[in-house]
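Numbered as in the working numbering, the sequence shown ends at 45 without a single skipped number.
No residue lacks a Cβ here, since even glycine has one placed at the ideal position from N, Cα and C.
Computed from a predicted model, the values in this text were never measured in an experiment.
See structure below.
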Amino acid sequence: MRRKPDEGPALEEARLRQQAIGVKLRHLFDEVVNEPVPDEFLDILRRADDRRGDGA
-10 MRRKPDEGPA LEEARLRQQA IGVKLRHLFD EVVNEPVPDE FLDILRRADD
40 RRGDGA
């Protein structure tokens, strides 16, 4: 990778940090997305759907 003359080690380090943060955020997001939905929350959603179907 060729660097521009005004780019130095500090800029490269900042980019590496930003990339590491992005990787960790993606990993965290994937974990949250793959968590099961609690049964209590599913019950709330079912009741809301039932009320909507009744015209209420």
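- As the crow flies, the alpha-carbon of residue 29 is around 20 Å from that of residue 42.
- Put simply, the backbone Cα of residue 25 is about 10 Å away from that of residue 31.
- In the DSSP assignment, residue -2 falls within the unbroken alpha helix (DSSP H) covering -2 to 22.
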